[in-house]
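The opening position of the sequence shown corresponds to residue 1 in the UniProt record's numbering, with each subsequent residue numbered one higher.
Where a beta carbon is used, it is the ideal one built from N, C-alpha and C, also for glycine.
Since this is a predicted model, take the numbers as computed values, not measurements.
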Amino acid sequence: CDHGRHHPPMETGAGVWIADPNDIWTAATVVEHTNADRLIVKRPDQAATETIALIKDRDGITTNVLLRNSLEEEEKNEDLITLPHLHEASILQALSSRYANDTIYTTIGDIVLSINPFKPLPLYDDSVMAQYDASPKNKFFEHVLPPHLYTIGKRAFVDMTRHHRDQAILISGESGAGKTEATKIIMSYLANMSNGGKSSSENSIESQVLQTNPVLEAFGNARTVRNDNSSRFGKFIEGTSCSIVAIVGSSLSTFLLRFQHAKIVGANIRTYLLEKVRVVTQAPHERNFHIFYELVSTILQMNLPPKKQIKKLRPLPLAFDLRKKATEWHVLDLDAYNFLNQSGCMARRDNVLDIDQFPITIQAMLDTGMSSEHVEQVLALIVGVLHLGNISFDSTDENDAAMRSAFIASASEPHVSAAAKLLQVPSKHLQTALTKRSITTNGEVFVMGMSLMQARHTRNALAMEAYRSLFEWLVRRVNGSIHPPDHADAGARMHLIGLLDIFGFEIMAMNSFEQLCINYANETLQQQFNSYVFKTEQKLYEAEHIAWEFIAFPDNIPCIELFEKKPIGLFSLLDQECRVPQGSDKALAAKYYKAFVDDPHPMFHASKAHVRDGQFTVLHYAGPVNYSVDGFLDKNKDALLDSLVELLQNSESFILHDIYHAASKQTATTKRRAALHSSIGSVNVAEQFKAQLTELVATIEKTAPHYVRCLKPNDANRPHTFDRVRMVEQLRSGGVLEAVKVARAGFPVRLTHKEFRVGYGRLVAPLTTPSIRDLIQADSFPVLGEFLHVCHVLLAKRPGTTPHHAHVSLGTTKVFFRRKAFEDVETLKRRIYSHSAVQAQRLFRGFVCYKAYRRLLRAALVAQCAYRVHVAYVQRMHLKRTAAAIVLQTWTRQVVARHAFTSFRHAVVVLQSKLRQVVAKRVVQARREHVHAIQLQKTVRGFLAKRQFARARQRVVAVQCHWRRRHARRLLATLRAEFRNVKALQDDKRKLQEELKRVEKELSEKAALEEANRKLQLELDMMRQTLERVRSSSDFDVVTEAGEPTGFNGKTNPTSRVRTRRPPIGIVTSKSRSNTFSANTKYYRRDSKAAQQFQADKMHEELLDSHNSV
1 CDHGRHHPPM
11 ETGAGVWIAD
21 PNDIWTAATV
31 VEHTNADRLI
41 VKRPDQAATE
51 TIALIKDRDG
61 ITTNVLLRNS
71 LEEEEKNEDL
81 ITLPHLHEAS
91 ILQALSSRYA
101 NDTIYTTIGD
111 IVLSINPFKP
121 LPLYDDSVMA
131 QYDASPKNKF
141 FEHVLPPHLY
151 TIGKRAFVDM
161 TRHHRDQAIL
171 ISGESGAGKT
181 EATKIIMSYL
191 ANMSNGGKSS
201 SENSIESQVL
211 QTNPVLEAFG
221 NARTVRNDNS
231 SRFGKFIEGT
241 SCSIVAIVGS
251 SLSTFLLRFQ
261 HAKIVGANIR
271 TYLLEKVRVV
281 TQAPHERNFH
291 IFYELVSTIL
301 QMNLPPKKQI
311 KKLRPLPLAF
321 DLRKKATEWH
331 VLDLDAYNFL
341 NQSGCMARRD
351 NVLDIDQFPI
361 TIQAMLDTGM
371 SSEHVEQVLA
381 LIVGVLHLGN
391 ISFDSTDEND
401 AAMRSAFIAS
411 ASEPHVSAAA
421 KLLQVPSKHL
431 QTALTKRSIT
441 TNGEVFVMGM
451 SLMQARHTRN
461 ALAMEAYRSL
471 FEWLVRRVNG
481 SIHPPDHADA
491 GARMHLIGLL
501 DIFGFEIMAM
511 NSFEQLCINY
521 ANETLQQQFN
531 SYVFKTEQKL
541 YEAEHIAWEF
551 IAFPDNIPCI
561 ELFEKKPIGL
571 FSLLDQECRV
581 PQGSDKALAA
591 KYYKAFVDDP
601 HPMFHASKAH
611 VRDGQFTVLH
621 YAGPVNYSVD
631 GFLDKNKDAL
641 LDSLVELLQN
651 SESFILHDIY
661 HAASKQTATT
671 KRRAALHSSI
681 GSVNVAEQFK
691 AQLTELVATI
701 EKTAPHYVRC
711 LKPNDANRPH
721 TFDRVRMVEQ
731 LRSGGVLEAV
741 KVARAGFPVR
751 LTHKEFRVGY
761 GRLVAPLTTP
771 SIRDLIQADS
781 FPVLGEFLHV
791 CHVLLAKRPG
801 TTPHHAHVSL
811 GTTKVFFRRK
821 AFEDVETLKR
831 RIYSHSAVQA
841 QRLFRGFVCY
851 KAYRRLLRAA
861 LVAQCAYRVH
871 VAYVQRMHLK
881 RTAAAIVLQT
891 WTRQVVARHA
901 FTSFRHAVVV
911 LQSKLRQVVA
921 KRVVQARREH
931 VHAIQLQKTV
941 RGFLAKRQFA
951 RARQRVVAVQ
961 CHWRRRHARR
971 LLATLRAEFR
981 NVKALQDDKR
991 KLQEELKRVE
1001 KELSEKAALE
1011 EANRKLQLEL
1021 DMMRQTLERV
1031 RSSSDFDVVT
1041 EAGEPTGFNG
1051 KTNPTSRVRT
1061 RRPPIGIVTS
1071 KSRSNTFSAN
1081 TKYYRRDSKA
1091 AQQFQADKMH
1101 EELLDSHNSV
């Protein structure tokens, strides 16, 4: 149940929400409720129970313990007003559950709640947009689709095209809640619907309107503490058959698209309150405008080798080479510019690279009608402003501080030359304008020097004014490309859809004049929201005599009066102090304290510490904000020296020329020249901003509003993180809870009696016809009975009857619908119109078919007569042809039979020859196969025999290896056994010693033998001669060194071969110690003496080995 008069009893086991200082609300279960003022509950994560003292408001409603919905109800109810228990805790839990499932859109009646997911989601592709198509031909047109930003766009577009009413979509929320992205999404949807549900072509007006966003974001957005893409200006874009209004950023912005015949035909942009002070100074963890970083980063990356670049750069569609401009413009590193290195922050936290955004900005500038020459001039001015920030000053050495004057430091001369070149002004004139000022008195001009501080202020003022002029020129160029064409249909009325992106409250560490204006705009727009959603609703229902339970809602009129009231108000006192010749910020603070502290104002607070520091606090509806008056007067005056105005007027840059010469045409006096070239005017920035804001609110009040509330789930900009405390703060400050009550209890759709009769009066007759009623299934709609009753009352024109129902209520001048009831009535209307169209088509087609049938009947009679004549003629000719055919068939059959016999005989002969050929081929093939089989068998048997022989040889070798291994092991075992005996070892040692002596003796004998061999060499030659003559048997065969057997005649005997026998197992051959012939000749003895000698040598070698081992 709602926050009504009574809650149902909290029975034991019921789920409730209890107030918690950390989580705001935490879940619990009722354990006992015996006392009306106390409740015993148990939390899910705790074993102990706790007693809660019930707190009730003046109406007797419990405020610290609330009933809890089921989990299914919280997750599946896309419209929160359908929750059984609707309160702050249930809304918070429903948003938390849906956010955990990546469901970021929720509705509260007509209000859409959008939570920033801080990550990409597949919710915006063409297939999703097609489901929300505003065309009645869309098959999903009558379906209830999930909440989406497209839902708001579709509702506004359909209302504009069907009822011809101007629309406004108001998007509000804190900085970083996703307002700018929501505006882009809705603008993209409206552009798509304007193009018939298709994507816009490259050069279409829809595409050009969408391309204004990258340009304005690059030059007007910057990173702040809370948001990496915060708009630092205000814009009002009037478009031309529908206009879209959008307020973007930390200032105020409105985007208007105008439609003609449901087609975008143009737009116009008006900007407010550009935060140009950001050009010269930035707070910690904040950046300057995006374009500075995009341009410098891209130029620096272009001049790096490809391997050192962060990523491959996209080509720029420019007629000049931007890479070469680095030298021409004297481009430095980012941290070398004083206007960029103050905060120490160079990058964005949202993973967006400046070098990726720069090509998008350039393409958008070209798409909005700028040429490459224009783009070059714009970028040159950007670099020129950066060089202005690097100009430093020195002071003359005068004893009197008042007589000291500033001059350009020698180290800054390159920056002066670069800035003058890029601003296209003479360098000397620039130096004079920065260090000298002129005063005109009684027609005489006095030139005076500036102090060091004045020179710095003048340099900053020039940089801010140059950037403001550039921004204003960009807006003019964009307006020129999207302005409605002159040939538009003048007779057709243009309708407007206003897309208002309301910037959130700004509460900085140090709040100044800019935050005061921004938060004042928030207060004004919140009052408009309150006035429309709350107060207007109640007054309207009361005037229409509709049953309504009044709801107390927050009224911020006192806070707005604090700003606007005359003559005692924040802006009025500021204007008075600005008009005082010697006005100061301290004097302004004193006026504030006297007006609002001495005579206390409920929305103004200043402690003693505030008074000492020149600060004060305003109690805004979103919370208290502390402001410092330092700089209020200068920022409100926003004056510019005549010398600087003259310098910029005489610039050869066509951008500055266009701005200042257009402004000079609007005035003839020279004294007001400084005021004309400030951002809003040096007379009074606050008053002019207030007038512009009032004009904007008046425009919004003429439209049918639709609301989007953007919520920021956490301050760390992290996905999947839901900060319940921060969400409750935003729900409370945005008035969402009160809007929930109004949306559930109220009637958001209302029509005048005339509109109702014209639009729905014709539905009574079809709905009271049983056949049609059953055909369109009208009884399935709960609103049917109430709708017919209201129709009967209006058509009968009985003024005294004002029925009040749950779905439709009749007021004195209007008919009120609930949202679901209105959609059901629209569905019935479409079904009836479709049925009526089908009936009309049926009757018309029946008449057309009847006329066609009569014509066909007459034509059929004529055709039948002609056909019968034709049939008789055909039969007569058939009989004549039959008689002739019989004769012809006789001869033809004879010829055919003869030809068939001949053909058959020829075929038999051919078949026999083919058969014999096949048989012969088979015989030949069989013989070939037999021969090849024999060959194959021979090969296989040979292979098998070879393989069997190889295996047998392998086994023999294995047996031999085994036997040798066994013999070696036995010998080894014998030797080991012998060596174990010490006495045997001693004997062996003695034997070895003797053997050693014998070997030494033999060696000496061998030496003697070698000497004898030398002597016998001569005898060998003689014996060879003898062997050649004597041919007889011998016990030796001689083999030459060439390895060939020879006879005694020395000739080779080709038939004589000596096969060397394999030595016995375990015996190694060796050469004989005695040779009676030359060493070049080998001898093989044919008796067993060689084997005995070999055995003796082997034993000798084993003895030597054993001796060495001992």
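{"query": "According to the neighbour-count rule (16 or more other Cβ atoms, all chains shown, within 10 Å of its Cβ), is S297 buried or exposed?", "result": "buried"}
{"query": "Would you decide whether I52 is buried or exposed? Buried here means 16 or more other CB atoms lie within 10 Å of its CB.", "result": "buried"}
{"query": "Check whether the Cβ of E564 lies closer than 8 Å to any Cβ atom in chain C.", "result": "Protein chains in the displayed structure number just one, and chain C is not present."}
{"query": "Thinking just about the alpha-carbon of each residue, which of F747, I560, H807 and Y621 is nearest to the one in L693?", "result": "I560"}
{"query": "Apart from the five residues just before and just after V764, which ones in its own chain have a Cβ nearer than 6 Å to its Cβ?", "result": "C791"}
{"query": "Tell whether a beta-carbon distance below 8 Å holds between A191 and I264.", "result": "yes"}
{"query": "Grouping DSSP H, G and I as helix and E and B as strand, with all else coil, what is D228?", "result": "coil"}
{"query": "Using a 10 Å radius around the Cβ and a threshold of 16 neighbouring Cβ atoms, would you call Q357 buried or exposed?", "result": "buried"}
{"query": "Taking the CB atoms as reference points, tell me whether H85 and R68 lie closer together than 8 Å.", "result": "yes"}
{"query": "Between L391 and V209, how many whole angstroms is the CB-CB distance? I'm expecting something under 8 Å.", "result": "Before going further, note that residue 391 is Ile rather than Leu in the sequence given. Between V209 and I391 the Cβ distance is about 39 Å, and since that is not below 8 Å, they are no contact."}
{"query": "Could you tell me if L316 is buried or exposed, where buried requires 16 or more neighbouring beta carbons within 10 angstroms of its beta carbon?", "result": "buried"}
{"query": "Got a sec? Which residues, its chain only, sit under 6 Å from S412 by beta carbon, not counting five neighbours each side?", "result": "I391 and S392"}
{"query": "Do the CB positions of G389 and F339 come within less than 8 Å of each other?", "result": "yes"}
{"query": "Following the continuous alpha helix (DSSP H) through F756, name the residue where it begins and the one where it ends.", "result": "H753 to Y760"}
{"query": "Just to check my reading of the structure: N636 and L574 have Cβ atoms closer than 8 Å, yes? What is that Cβ distance to the nearest angstrom?", "result": "6 Å"}
{"query": "Measure the alpha-carbon distance for T212 versus H290 and round it to whole angstroms.", "result": "15 Å"}
{"query": "Grab me the residues of H3's own chain with a C-beta within less than 8 Å of its C-beta, minus the 5 sequence neighbours each way, in chain order.", "result": "Its pLDDT being 40, under 50, H3 is placed unreliably by the model, and nothing is read from it."}
{"query": "Are at least three pairs of beta-carbons, each pair with one atom in the segment 128-142 and one in the segment 165-180, less than 8 Å apart?", "result": "no"}
{"query": "Tell me the DSSP secondary structure of G15 in three-state form.", "result": "strand"}
{"query": "Could you check which residue in T161, I362, L273 and E444 has the C-alpha nearest to that of A218?", "result": "I362"}
{"query": "If you measure between the beta carbons of I115 and V736, is that distance less than 8 Å?", "result": "no"}
{"query": "Would you check if there are 3 or more beta carbon pairs closer than 8 Å linking the segment 278-294 to the segment 316-328?", "result": "no"}
{"query": "Is the beta carbon of W473 sitting closer than 8 Å to the one on I659?", "result": "yes"}
{"query": "By the three-class DSSP mapping on this structure, what secondary structure does M129 have?", "result": "helix"}
{"query": "Are the segment 775-785 and the segment 815-833 in contact at 8 Å, needing three or more beta carbon pairs?", "result": "yes"}
{"query": "Does DSSP classify S451 as helix, strand or coil?", "result": "coil"}
{"query": "Do the CB positions of M450 and R468 come within less than 8 Å of each other?", "result": "no"}
{"query": "Going by the DSSP bridge assignment, what does A28 pair with across the sheet?", "result": "V16"}
{"query": "Give me, in chain order, the residues of the same chain whose beta-carbon lies closer than 7 Å to that of A821; leave out the 5 immediate sequence neighbours on both sides.", "result": "V783, H807 and V808"}
{"query": "Would you mind reading off the limits of the alpha helix (DSSP H) that contains N77?", "result": "Here N77 belongs to no alpha helix (DSSP H), and DSSP marks it neither H nor E."}
{"query": "Suppose contacts are defined by Cβ-Cβ distances below 8 Å. Is N717 in contact with R165 by that definition?", "result": "no"}
{"query": "Any chance you could list the beta strand (DSSP E) runs of at least 3 consecutive residues sitting entirely within the segment 872-918, in chain order?", "result": "none"}
{"query": "Could you tell me if W963 is buried or exposed, where buried requires 16 or more neighbouring beta carbons within 10 angstroms of its beta carbon?", "result": "exposed"}
{"query": "Thinking just about the alpha-carbon of each residue, which of I655, S230 and V618 is nearest to the one in E376?", "result": "I655"}
{"query": "Check the C-beta distance from D630 over to D585 and give it rounded, since I have them as a contact under 8 Å.", "result": "6 Å"}
{"query": "Assign K712 to one of two classes, buried (16 or more other C-beta atoms within 10 Å of its C-beta) or exposed (fewer than that).", "result": "buried"}
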